[in-house]
Amino acid sequence: MQRAISILLIFCVLMQSFSRLSIIAGYELNKDIIARVLCINKAEPENTCQGKCYLAKQLKQADKHEHLPSGNVKAKADVLFIHQGINFRFTGLIALITPVSFYLSCTYTAPSQAVFTPPKV
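Mapping of the sequence shown onto the working numbering: position 87 corresponds to residue 668, and the numbering continues sequentially without gaps.
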């Protein structure tokens with residue numbers, strides 16, 4: 582279930598970034614229909630744009646839609662933070678902490694026994 586949701590979210594993010602590519606691919610696939618029906622300059626007899634005007638309009642609209650802020654934000658709320666300082670007074674009872682050292686302060690002493698030698702076989 583989590584894998585399907587993650588794949589769906591990745592797909593949505595990639596589709597948003599490839600929106601211009603999808604517009605251009607749609608134009609290339611339907612170039613003849615766009616030139617005959619949807620072209621802005623189709624009334625001119627010597628039309629050489631072949632629907633590129635429609636493509637430019639769609640790309641400009643996609644850029645405009647991409648840069649618009651989301652419609653869910655209706656009002657900006659200013660949040661003020663007022664910090665009331667709290668003063669602590671520690672008087673009287675102060676615990677003295679003795680420093681703890683993890684190193685042993687030992688002096689060198691000679692070995693108490695002779696060096697061990699294994700028996701001969």
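Even glycine gets a Cβ: it sits at the ideal position worked out from N, Cα and C. These numbers were taken from a predicted model, which means no experiment stands behind them.
Problem set entry | Contacting residues, own chain, Cβ-Cβ under 8 Å from glycine 632 (five flanking each side not counted) | Tyr608, Lys612, Ile615, Ala616, Leu619, Cys620
For this session: Assign leucine 636 to buried or exposed, taking buried as 16 or more other Cβ atoms, counted over all protein chains shown, within 10 Å of its Cβ.
Result: buried
Exercise. DSSP state of tyrosine 684, grouped into three classes?
Worked result: coil
Exercise. Where isoleucine 704 and serine 682 are concerned, what is the direct C-alpha to C-alpha distance, given to the nearest angstrom?
Worked result: In this structure the chain extends from 582 to 702, so residue 704 is not present and cannot be described.
For this session: With DSSP collapsed to three states, give me the class of methionine 582.
Result: coil
For this session: Identify the continuous alpha helix (DSSP H) that holds lysine 645 and give its terminal residues.
Result: 633-648
For this session: Give the C-beta separation of alanine 643 and serine 587 to the nearest angstrom, bearing in mind that I take them to be a contact with Cβ-Cβ under 8 Å.
Result: About 26 Å; that fails the 8 Å criterion.
Problem set entry | cysteine 634 to histidine 648 span [Cα, whole Å] | 21 Å
For this session: Pull up the distance between the alpha-carbon of leucine 590 and that of proline 680, whole angstroms please.
Result: 55 Å
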